[in-house]
Amino acid sequence: MRILRSVRHKACADGTYMKEYLVDEPVTAGFLDHLRTFGTVSMLAGIRDGFFEFEKTHFFSMKGFVGDLQFEVRFKKEFMDLTVDFLYLLCSRYHSGRPDREFLHRMEGSIQERIKVRLGES
Amino acid sequence: MRSIDGQQGFIYLNNAASSWPKPQEVLDAVAESLRSPYAGEGRTSFGEAVNYPDSAREALGWFLHFDPPEHVVFTQNATDSLNLLIHGYVRAEGGRPHVITTALEHNSVLRPLHTLVREGAIDLTVVPFRDHRVDPAELKNAIRPETRLVVMTHGSNVLGSVQDIGAIGRYLEENDIFFVVDGAQTAGHIPVDLSRTPVDAFVFTGHKGLFGLPGIGGFTIRSPDRVVPVRQGGTGTESRSLVHPEGMPERFEAGTPNYPGMASLIAGVRFLESVGLEKVERKGKELTGHLIRSLQREPNITICNETPDLPLVSFNIEGLDCDTVGYILGRGYRLIVRTGLHCAPLVHQAIDGGRGCVRLSLSWFTTREECETAADAICEVARGADSQVSTP
Chain A
1 MRILRSVRHK ACADGTYMKE YLVDEPVTAG FLDHLRTFGT VSMLAGIRDG
51 FFEFEKTHFF SMKGFVGDLQ FEVRFKKEFM DLTVDFLYLL CSRYHSGRPD
101 REFLHRMEGS IQERIKVRLG ES
Chain B
123 MRSIDGQQGF IYLNNAASSW PKPQEVLDAV AESLRSPYAG EGRTSFGEAV
173 NYPDSAREAL GWFLHFDPPE HVVFTQNATD SLNLLIHGYV RAEGGRPHVI
223 TTALEHNSVL RPLHTLVREG AIDLTVVPFR DHRVDPAELK NAIRPETRLV
273 VMTHGSNVLG SVQDIGAIGR YLEENDIFFV VDGAQTAGHI PVDLSRTPVD
323 AFVFTGHKGL FGLPGIGGFT IRSPDRVVPV RQGGTGTESR SLVHPEGMPE
373 RFEAGTPNYP GMASLIAGVR FLESVGLEKV ERKGKELTGH LIRSLQREPN
423 ITICNETPDL PLVSFNIEGL DCDTVGYILG RGYRLIVRTG LHCAPLVHQA
473 IDGGRGCVRL SLSWFTTREE CETAADAICE VARGADSQVS TP
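Those sequence lines, one after another, are chains A and B. In this text, residue positions in the first sequence follow my numbering: the first is 1, and each later residue adds one. In this text, residue positions in the second sequence follow my numbering: the first is 123, and each later residue adds one.
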């Protein structure tokens with residue numbers, strides 16, 4: 001999956017920075033399984049089209065619909081410089097159901113270390 | 123469901139932010155205004171064109187039952203009007219006057235006032251609301267000998283409650299306290315009769331209930347000399363003078379006017395007159411009541427005000443934040459709403475701890491079918507919120 005462009009952005013009252021992205025293939029159940037490896041995916045079962053939310057602490061949250069070509073991402077502003085690239089990688093390394101998870105987990109660990117430094121945890 | 127240029131249909135319930143669609147008469151009037159040369163006093167030698175500023179003053183004065191038309195001033199919007207009035211009045215007053223406002227206000231009132239507090243130019247009291255309304259008695263109790271100005275909303279943009287500006291205005295008039303009313307949410311939705319309501323300045327905006335374009339608004343003012351103009355420039359009159367003219371309406375207007383905006387406002391007001399404001403108000407109440415009754419079916423929907431006077435319904439769904447609800451309604455159901463704090467932080471502090479809510483706002487063009495579809499969608503989301511499935 002490739003992010004084609006950002007279509008909307010907003011600095012939110014809760015301190016996050018929202019961006020809505022257009023991607024080149026629809027979000028699938030397989031992509032949500034891929035996301036689950038890196039955080040928590042929630043779904044609202046009774047809602048038309050399968051609404052999902054993804055939460056990865058300190059990185060970003062994501063919301064959208066299965067089958068849609070757009071999703072919304074809310075970045076923690078203080079770590080956005082570190083985490084935006086990870087979002088792009090998370091999508092581009094998905095490869096239509098054949099994700100490159102080893103590489104992604106290495107990147108995730110490296111970013112988490114830098115976040116911990118900023119948080120004064122290491 | 124409405125469509126734009128073949129796009130998939132949607133339901134627009136964000137009329138308290140900006141009304142849509144506009145009446146065909148407004149679209150035609152704006153197009154016509156762009157086809158002809160403009161004429162404003164002192165700005166052209168072309169005598170046959172429509173004088174939009176004068177016509178718009180006549181139209182708004184007639185619509186709000188306000189005279190003389192020269193005391194109708196045009197600005198960019200309600201925020202612009204409130205800034206001119208608040209800063210201009212405080213500068214004219216001098217000293218450090220005491221000002222009263224309410225917790226129902228939009229940031230267009232709160233931010234200019236808090237700027238003046240920070241500058242040490244005023245002392246400010248914010249009167250709370252109960253049961254969606256400011257009690258006139260409580261506002262009277264807040265008055266001190268040094269109180270010179272009261273600024274308050276006519277209709278809350280979150281709760282849809284209309285305030286008793288008549289009773290408050292009469293008391294303030296007796297005590298010579300300048301009274302500015304923010305009518306951004308009421309003008310065009312309910313009848314406003316300024317000949318019977320003692321208000322020193324009544325603020326309106328064009329792009330909401332009056333069906334005009336964004337970028338046109340204004341205010342009426344009874345005694346212009348009580349407010350210092352904070353803008354100066356070209357007026358097309360008294361051009362030899364290096365000092366800005368004091369006469370009305372030039373006192374508060376400088377620079378080239380928004381002619382297409384004025385054309386839209388004239389057409390919007392005439393459209394409302396042709397329909398009849400009582401009819402507009404009645405339909406708004408009927409549809410809002412229907413929407414509320416439909417939402418009351420779901421126990422995890424909390425409606426912020428179940429008896430609004432204006433055609434708007436604010437709510438929250440237990441277990442979902444308002445932005446998520448707005449996202450689901452927009453992307454999943456093609457329902458356009460407004461979420462968050464609605465630029466009214468003190469209202470939300472009082473009603474939902476500052477979390478914000480989802481607001482549905484209707485116009486004359488909203489249909490019963492659209493309300494029913496919207497209510498079904500919201501109820502479906504509310505039921506879905508009960509069935510949240512999480513996986514680590």
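Ideal Cβ placement from N, Cα and C applies to all residues, glycine included.
Original post:
Taking the alpha-carbon positions, what's the T446 (chain B) to D508 (chain B) distance?
Top reply: The count along the second sequence starts at 1 and reaches residue 446 (chain B) at position 324. The count along the second sequence starts at 1 and reaches residue 508 (chain B) at position 386. Roughly 14 Å between the two C-alpha positions.
Subject >> Proximal residues, the stretch 194–226 of chain B versus chain A, C-beta separation under 7 Å >> reply: If the cut-off is 7 Å between Cβ atoms, the stretch 194–226 of chain B has nothing near chain A.
**OP:** Indicate whether at least one CB of chain E lies closer than 8 Å to the CB of F54 (chain A).
**Re:** Here chain E cannot be found, since the structure's protein chains are A and B.
**OP:** Output, in chain order, the set of chain A residues within a Cβ distance shorter than 7 Å of L463 (chain B).
**Re:** The sequence position of residue 463 (chain B) within the second sequence is 341, counting from 1. What L463 (chain B) touches in chain A, judged by beta-carbon distance under 7 Å, is A13, going in chain order.
Original post:
Using 8 Å as the limit for Cβ to Cβ distance, is T446 (chain B) near chain A?
Top reply: Within the second sequence, numbered from 1, the residue matching residue 446 (chain B) stands at position 324. With 8 Å as the cut-off, T446 (chain B) counts as an interface residue toward chain A.
**OP:** Using only alpha-carbon positions, find the residue among B:S158, B:D286, B:D257, B:G310 that is nearest to G398 (chain B).
**Re:** Taking the first residue of the second sequence as position 1, residue 398 (chain B) is located at position 276. Of the candidates B:S158, B:D286, B:D257, B:G310, the one whose C-alpha sits nearest the C-alpha of G398 (chain B) is B:G310.
Original post:
When the Cβ atoms of the stretch 226–240 of chain B are set against those of the stretch 268–279 of chain B, are three or more pairs found closer than 8 Å?
Top reply: Using a C-beta cut-off of 8 Å, the stretch 226–240 of chain B makes contact with the stretch 268–279 of chain B, since at least three inter-stretch Cβ pairs fall below that distance.
Subject >> For F75 (chain A): DSSP bridge partner residues >> reply: For the purposes of this step, residue 75 (chain A) is taken as residue 75 along the first sequence, with counting starting at 1. In the DSSP output, where bridge partners are listed per residue, F75 (chain A) has A:Y17, A:F60.
**OP:** Please classify Y94 (chain A): is it buried, with 16 or more other beta-carbons within 10 angstroms of its beta-carbon, or exposed?
**Re:** Along the first sequence, one-based indexing puts residue 94 (chain A) at 94. The residue is buried, with at least 16 neighbouring Cβ atoms inside 10 Å.
**OP:** Pull up the DSSP beta-bridge partners for N438 (chain B), would you.
**Re:** The count along the second sequence starts at 1 and reaches residue 438 (chain B) at position 316. In DSSP, N438 (chain B) forms a bridge with B:T424.
**OP:** Confirm, please, whether the CB-CB distance from A389 (chain B) to V148 (chain B) is below 8 Å.
**Re:** Along the second sequence, one-based indexing puts residue 148 (chain B) at 26. Along the second sequence, one-based indexing puts residue 389 (chain B) at 267. Cβ atoms of V148 (chain B) and A389 (chain B): closer than 8 Å.
Original post:
Applying the criterion that 16 or more other CB atoms from any shown protein chain within 10 Å of the CB defines a buried residue, is R36 (chain A) buried or exposed?
Top reply: For the purposes of this step, residue 36 (chain A) is taken as the residue at position 36 of the first sequence. Counting of Cβ neighbours within 10 angstroms places R36 (chain A) among the exposed residues, the total staying below 16.
Original post:
Is the beta carbon of A138 (chain B) less than 8 Å from the beta carbon of L434 (chain B)?
Top reply: Numbered from its first residue, the second sequence carries residue 138 (chain B) at position 16. Numbered from its first residue, the second sequence carries residue 434 (chain B) at position 312. Closer than 8 Å, so yes.
Subject >> Segment limits, alpha helix (DSSP H) that includes I222 (chain B) >> reply: If you number the second sequence from 1, residue 222 (chain B) lands on position 100. For I222 (chain B), no alpha helix (DSSP H) segment is defined; the enclosing uninterrupted segment is the beta strand (DSSP E) at 220–224.
Subject >> chain A contact residues for G506 (chain B), given Cβ-Cβ distances below 8 Å >> reply: Within the second sequence, numbered from 1, the residue matching residue 506 (chain B) stands at position 384. Result: L44, A45, G46, I47, F51.
Original post:
Is the CB of D68 (chain A) under 8 Å away from at least one CB in chain B?
Top reply: Within the first sequence, residue 68 (chain A) is the residue found at index 68, counting from 1. With a threshold of 8 Å between beta carbons, D68 (chain A) makes contact with chain B.
**OP:** Write down the C-beta distance between R114 (chain A) and L82 (chain A) rounded to the nearest angstrom, noting that I regard them as a contact closer than 8 Å.
**Re:** Start at 1 with the first residue of the first sequence, and residue 114 (chain A) comes out as number 114. Start at 1 with the first residue of the first sequence, and residue 82 (chain A) comes out as number 82. Taking C-beta atoms under 8 Å as the contact rule, R114 (chain A) and L82 (chain A) qualify, at a distance of about 6 Å.
Original post:
Using 8 Å as the limit for Cβ to Cβ distance, is E25 (chain A) near chain B?
Top reply: Residue 25 (chain A) sits at position 25 when you count from the first residue of the first sequence. No, E25 (chain A) does not count as interfacial toward chain B.
Original post:
If you run the structure through DSSP and keep just helix, strand and coil, what is K401 (chain B)?
Top reply: Taking the first residue of the second sequence as position 1, residue 401 (chain B) is located at position 279. Looking at K401 (chain B) - three-state DSSP - the assignment turns out to be helix.
**OP:** Could you tell me how far apart the beta carbons of V321 (chain B) and F301 (chain B) are, in whole angstroms, since I believe they sit closer than 8 Å?
**Re:** For the purposes of this step, residue 321 (chain B) is identified with residue 199 of the second sequence, where counting begins at 1. For the purposes of this step, residue 301 (chain B) is identified with residue 179 of the second sequence, where counting begins at 1. Rounded to whole angstroms, the Cβ separation of V321 (chain B) and F301 (chain B) is 5 Å, and the two are in contact under 8 Å.
Subject >> I290 (chain B), DSSP secondary structure in three states >> reply: As a working mapping, residue 290 (chain B) is identified with position 168 in the second sequence. DSSP places I290 (chain B) in helix when its eight states are reduced to three.
Subject >> Counted within 10 angstroms of its Cβ, other Cβ atoms place Y160 (chain B) as buried (16 or more) or exposed >> reply: Translated into positions along the second sequence, residue 160 (chain B) becomes position 38. Buried: at least 16 other Cβ atoms inside 10 Å.
Original post:
Can you tell me whether A153 (chain B) is buried or exposed, with buried defined as 16 or more other CB within 10 angstroms of its CB?
Top reply: Within the second sequence, residue 153 (chain B) is the residue found at index 31, counting from 1. In the assembly as shown, A153 (chain B) is an exposed residue. Its beta-carbon has fewer than 16 other beta-carbons within 10 Å.
**OP:** Within 10 angstroms of the Cβ of D304 (chain B), are there 16 or more other Cβ atoms? Answer buried if so, exposed if not.
**Re:** Within the second sequence, numbered from 1, the residue matching residue 304 (chain B) stands at position 182. Under this definition D304 (chain B) is a buried residue.
**OP:** Rounded to whole angstroms, what's the CA-CA distance from T57 (chain A) to T28 (chain A)? Just pull it up for me.
**Re:** Within the first sequence, numbered from 1, the residue matching residue 57 (chain A) stands at position 57. Within the first sequence, numbered from 1, the residue matching residue 28 (chain A) stands at position 28. When rounded, the distance between both Cα atoms is 22 Å.
Subject >> Contact set between G454 (chain B) and chain A, taken where Cβ atoms lie within less than 8 Å >> reply: Taking the second sequence and counting its residues from 1, one reaches residue 454 (chain B) at position 332. Chain A residues near G454 (chain B): I47, R48, D49, F51, F65.
Original post:
Under 8 Å, do I222 (chain B) and L186 (chain B) count as touching if we go by C-beta distance?
Top reply: Within the second sequence, the letter at position 100 stands for residue 222 (chain B). Within the second sequence, the letter at position 64 stands for residue 186 (chain B). At the C-beta level, I222 (chain B) and L186 (chain B) stay beyond 8 Å of one another.
Original post:
Applying the criterion that 16 or more other CB atoms from any shown protein chain within 10 Å of the CB defines a buried residue, is V391 (chain B) buried or exposed?
Top reply: Numbered from 1 along the second sequence, position 269 holds the residue referred to as residue 391 (chain B). Burial call: buried.
Original post:
Whose Cβ in chain B lies nearer than 7 Å to the Cβ of E72 (chain A)?
Top reply: If you number the first sequence from 1, residue 72 (chain A) lands on position 72. Residues of chain B passing the Cβ test: Y449.
Original post:
For Y449 (chain B), which option in B:L432, B:P421, B:E420, B:V480 has the closest C-alpha, if you only look at C-alpha atoms?
Top reply: Taking the second sequence and counting its residues from 1, one reaches residue 449 (chain B) at position 327. The candidate whose alpha carbon is nearest that of Y449 (chain B) is B:V480.
**OP:** Please list the residues of the stretch 483–502 of chain B that have a C-beta atom closer than 7 Å to any C-beta atom in chain A, keeping them in chain order.
**Re:** Taking 7 Å as the Cβ-Cβ cut-off against chain A, the residues of the stretch 483–502 of chain B that qualify are E502.
Original post:
Quick one: what does DSSP say I115 (chain A) is sitting in, helix, strand or coil?
Top reply: As a first step, residue 115 (chain A) must be located in the first sequence, where it is residue number 115. Residue state for I115 (chain A) is assigned as helix, using DSSP reduced to three classes.
Original post:
Within 10 angstroms of its Cβ, does R74 (chain A) collect 16 or more other Cβ (buried), or is it exposed?
Top reply: As a first step, residue 74 (chain A) must be located in the first sequence, where it is residue number 74. Under this definition R74 (chain A) is a buried residue.
Original post:
With 16 as the cutoff for other CB atoms within 10 Å, does D165 (chain A) come out buried or exposed?
Top reply: No answer is possible for residue 165 (chain A): the residues shown for chain A start at 1 and end at 122.
Original post:
Considering only C-alpha positions, which residue in the set A:G46, A:F103, A:L22 is nearest to F71 (chain A)?
Top reply: Counting from 1 along the first sequence, the entry for residue 71 (chain A) is found at position 71. In terms of Cα proximity to F71 (chain A), the closest of A:G46, A:F103, A:L22 is A:L22.
Original post:
Under a three-way DSSP split, which group does M274 (chain B) fall into?
Top reply: Counted from its first residue, the second sequence places residue 274 (chain B) at position 152. In this structure, DSSP gives M274 (chain B) an extended state, which the three-state scheme calls strand.
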